[in-house]
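Here this note's numbering = 1-based position in the sequence shown + 1.
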Amino acid sequence: MILVYKSTSSVDNVANDEIKDKLKQGLTNHNLLKVLKFQSLVMVLENLG
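Below you can see the structure in the form of structure tokens.
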């Protein structure tokens with residue numbers, strides 16, 4: 002399985018570490034995508050704030 006995660010912010014490494022942690026926890030692809038979408042939304046809202 003290959004995950005491509007692109008971000009224009011400086012939290013790339015943190016996000017990638019979180020992805021690896023979640024993969025280690027054994028989440029399914031579907032759940033992982035939901036988590037990533039939520040995290041992306043949170044990051045956007047934090048940047049706007």
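Virtual Cβ for every residue (Gly too), placed ideally from N, Cα, C. In this text, all values refer to a predicted model and were calculated from it rather than measured experimentally.
Assigned secondary structure, residue i (DSSP; H/G/I helix, E/B strand, else coil)
{"i": "Gln40", "result": "helix"}
Sequence-distant residues of its chain with Cβ nearer than 6 Å to residue i (five each side left out)
{"i": "Glu19", "result": "none"}
Contacts around residue i, its chain only, beta-carbon distance under 7 Å, and the 5 residues preceding and following it disregarded
{"i": "Gly50", "result": "none"}
Cβ-based neighbour list, residue i, same chain, cut-off 8 Å, excluding 5 preceding and 5 following
{"i": "Asp51", "result": "With the chain covering only 2 through 50, there is no way to say anything about residue 51."}
{"i": "Asn32", "result": "none"}
Alpha-carbon to alpha-carbon, residue j and residue i
{"i": "Lys25", "j": "Leu34", "result": "15 Å"}
{"i": "Val43", "j": "Ala16", "result": "12 Å"}
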